[in-house]
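What follows is one structure encoded as structure tokens, with my remarks underneath.
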Amino acid sequence: MIDLMNINPGLWIILAGLICALFPKTDGTHYIRKVFLIAAPIFAGWLIFQMHSVEPEYIRGVLNFGGIELTTLRIDGLSLVWGYLFCLAGLINGIYGLHEKCRITDSSALIYTGAAVAGVLAGDMITLFIFWELTAISSVFLVWKGGEHAYAAGLRYLAIHVFSGVLLLAGAVMVAQSRGGDFTFNFIGLNTPGGWLMMIAMGIKCGFPLLHNWMQDAYPKASITGTVILASFTTKFAIYALARGFEGVDILIWIGAIMTCFPVFFAVVENDLRRVLAYSLNNQLGFMVCGIGIGGALAMNGVVGQVFVHVIFKGLLFMSIGAVMYRTGTAKASELGGLFRSMPFTAVLCLIGAGSIAAFPLLAAFVTKAMILAAALEEHLWVPFAMMLFASAGVMEHSGIKVPHFTFFAHDSGRRVKEAPWNMLVAMSLAGLLCIVLAWPWGGYELLYSLMPFEMEAYKPYTWDHVVFQLQLLFAAIFAFTLLKRFGVYPAERRAEIIDSDWLYRRLGLNVALWTSAMWDRLNFQVNRLTKRSLGQVGQKLYQMFSPAGTMSEAAPSGLPAVLVAGTLLVTLIVIYVLGT
Amino acid sequence: MSKDSANPEVQEHAAEDIHPAAKPFLFLVGSTFKRNFLWIPLVGILITTILGVMHPLKHPAPWDVIPGSWAVFGFLAYSFIVFMARPLFKLLSRDESYYGEGGLPDPYVSAEGHSETNPETSDKSGDKS
């Protein structure tokens, strides 16, 4: 008899995905797949709840595999939040994708969601690695479902993520070796080379500067539903791993602060709104990484809260742009505009998402982002604080204003399309409702607090100073936008490919590889030619020497050997004489 | 656009007219509202600056001695980001086919030139700003 309480709940979602993959591809079977898509995350969430009710730190599924102890299930304060969050995201994404009849999308979405849930509930580094790689392998199909133009991006995505997994495993082995073979996944730190390797592996997955390009490369090219699903799990899984393994590691403060700032400049010039949102995602991850670097209860609870609401409001923004793309076929700002006339409900929901990410009072990030900023202030980290404040103005620019403005307002593109399908509206409404509820001053944000794993004095977000100063920043940003627009300073949206540091491998690296390959071919040719020529000459010399017509075959005087022997004897006698005296 | 109207993919998503729920809000894109919108954030800045003097930050940063410091910071930061857009675009923009992978998805129907043909909806600048 299978004991449900001993099995990682993520595995049930993976099983549902495998069943969907094996389902015959006939008319009507997609309804059954959709039932799995909705039911599996709910079931897993219910299991997590039941397990956590038994013990606050629930450890099961301990296996001994080749002398290594694996803990396949651990639910504690930290993993619980991610477990619930991923199940919730799986449910919302499932509703959003109800209109699709694609077997690959359904099954890979389930396997991907399950791998993410199972990964955050893993108690050891080997189990973590297995699900780390499974998230990469299962999710690449969502990229490839974007069409032919997504094929190369999918390959790059897969290669980068598999490489990240390899680094994670190598680091885990080194860390475990330094601990006497203990693979338990807890605080790692940077005291060992393995710790560095693991941090880089996590950095790849959560978009550290210069390691971030896979996100802006693959997300805008994935299918509409695929992008929404992709944006929910991979990066937040990595944030969980960082929070577990590297809390309070100083270098993360600076990495995070840089992560908040640099995407802002790319987002402002980017034309494709899904890519703008990918940069925005990168920027929000910076706040989380910075919070993990600061460490301590306030910052870490801020990170946990920020992750939770971020999945919801970022999902909402991706969903609203996805709905627009579903109706118009594009997410390019230069092709859109004035769509609130056709899609008013989507426009309102997008505005809720935009207000949430910009941290407007009464909307999601207002509570959680403030906790990270307050922690930076408490630690007197003025420069990272100023960088995050600068990035907050940037968030207002790209996600708060640019995305809704160029999609739904700006000038009328003349497109008259239908409102988003009902299932998309339901999913977006659910996310929009959560954005409001989780920041609601009268009992709402306490719901979020109840999930926070670290003991702290309750942080009060709705104080006069916090509300007033946050509004100062946001009003000033809106004022700057209107002023710059009126004077024609605000740049027009133009179609272009904006190159990022992936140019280094997509263009420079590729050209260097092609040049090296060409040079190698030429070198091979020359070496072969020289070898042939040299060997030919040696052969010719030998032939001249030893062939029947060669020098050695010529008749020599018979006295010559006698002279040679006599000469040798003379030399030997002289040597013996000299040594003897 | 008429050339594409036979395309079933376009027909599936096309609507005849403006959504009924949007009609009461068309004033949002009217020239009067657009012209006067500037005053809303400006008044907001003034009110919150006065309130900020009355309710100073509990953990101020060194620069928070200036009244309305976050408004100044927000305005300068936002403006800096926008001013950087032009040089960055010049530096970083390439043709959409630069990487030779087909670029990003394009619309079912091209809306190119629509703003020029519809004077009610056209922008004076003629671009998307």
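Those sequence lines, one after another, are chains A and B. Every number in our numbering is 3 more than the matching position in the first sequence, counting from 1. Every number in our numbering is 268 more than the matching position in the second sequence, counting from 1. Each residue gets a CB set at the ideal place from its N, CA and C atoms; glycine is no exception. As the structure is a computational prediction, the values presented were derived from the model and not from experiment.
Check, Outcome
"A/Ile481 Cβ short of 7 Å to the ligand GDP heavy atom set", "What this structure holds is no ligand at all, so the ligand GDP is not there to describe."
"CB contact below 8 Å: A/Ala112 versus chain B", "no"
"Coarse secondary structure for A/Thr138, derived from DSSP in three states", "helix"
"Distance between B/Ser361 and B/Phe341 (C-alpha atoms, nearest Å)", "29 Å"
"Other residues of its chain near A/Ile355: CB distance less than 6 Å, five sequence neighbours each side excluded", "Gly435, Cys438"
"Alpha-carbon to alpha-carbon, A/Val307 and A/Leu7", "27 Å"
"Inter-residue Cα distance where the pair is A/Ala361 and A/Leu50", "34 Å"
"B/Thr317 beta carbon less than 8 Å from that of B/Pro335", "yes"
"Contact the region 480-491 of chain A vs the region 193-206 of chain A: 3+ CB pairs below 8 Å", "no"
"Partners in chain B for A/Glu382, counting only beta-carbon separations shorter than 9 Å", "Under the 9 Å cutoff, chain B gives no residues; its nearest Cβ is about 10 Å from A/Glu382."
"Integer Cβ distance of A/Val169 from A/Tyr160, believed to fall under 8 Å", "About 15 Å; that fails the 8 Å criterion."
"Per DSSP, the bridge partner or partners of A/Leu66", "A/Leu73"
"For A/Arg489, the nearest candidate out of B/Tyr366, B/His287, B/Trp307 (CA to CA)", "B/Trp307"
"Counterpart residues of B/Leu361 in DSSP-defined beta bridges", "It should be pointed out that residue 361 of chain B corresponds to Ser in this sequence rather than to Leu. The partner list for B/Ser361 (beta bridge, DSSP) reads A/Ile501."
"8 Å Cβ cutoff met for A/Gln475 and A/Lys372", "no"
"A/Met522 classed as buried or exposed, judged by whether at least 16 other C-beta atoms fall within 10 angstroms", "exposed"
"DSSP state of B/Ala345 mapped onto helix, strand, coil", "helix"
"Contacting residues, own chain, Cβ-Cβ under 7 Å from A/Ala367 (five flanking each side not counted)", "Val312, Ile315, Phe316, Ser359, Cys438, Leu441, Ala442"
"Local conformation of B/Lys291 per DSSP, three classes", "helix"
"Closer than 8 Å at the beta carbon, the chain A residues around B/Phe301", "Those within 8 Å of B/Phe301 in chain A number zero; the least Cβ separation is about 11 Å."
"Chain A contact for B/Ile334 (CB, 8 Å cutoff)", "no"
"Opposing strand residues paired with A/Ala377 [DSSP bridges]", "Beta-bridge pairing links A/Ala377 to no other residue."
"Which listed residue (A/Ile98, A/Ile71, A/Gly70) has its alpha carbon closest to that of A/Met671", "The displayed coordinates of chain A run from 4 to 584. Any statement about residue 671 of chain A would go beyond what the structure contains."
"Closer than 7 Å at the beta carbon, the chain B residues around A/Met54", "Those do not exist, as A/Met54 stays about 39 Å from chain B at its closest Cβ, beyond 7 Å."
"Contact the region 119-127 of chain A vs the region 177-188 of chain A: 3+ CB pairs below 8 Å", "yes"
"Chain-ordered residues of the region 397-424 of chain A with a beta carbon less than 8 Å from chain B", "Gly397, Met399, Glu400, Phe409, Phe412, Ala413, His414, Asp415, Ser416, Gly417, Arg418, Arg419, Val420, Lys421, Glu422"
"Contact under 8 Å by Cβ, A/Ala234 with A/Gly318", "yes"
"Through-space distance from A/Ser504 to B/Asp391, alpha-carbon basis", "Reliability fails at B/Asp391, whose pLDDT of 41 lies under 50, so the model's placement of it is uncertain and the value that follows must be treated cautiously. Each residue's Cα considered, the two are about 35 Å apart."
"Nearest candidate by alpha-carbon position, reference B/Met322, set A/Gln547, A/Val471, A/Ala43, A/Ala495", "A/Val471"
"Within-8 Å CB hit, B/Phe305 to chain A", "yes"
"Segment contact flag, the region 236-254 of chain A with the region 265-283 of chain A, C-beta cutoff 8 Å, min 3 pairs", "no"
"7 Å Cβ cut-off: residues of chain B touching A/Trp385", "Ala329, Pro330"
"Among A/Ile62, A/Leu88, A/Gly417, A/Ser395, nearest to A/Leu76 - alpha-carbon criterion", "A/Ile62"
"Proximity test, Cβ basis, 8 Å: B/Asp285 and chain A", "yes"
"Partners in chain B for A/Pro59, counting only beta-carbon separations shorter than 9 Å", "Under the 9 Å cutoff, chain B gives no residues; its nearest Cβ is about 32 Å from A/Pro59."
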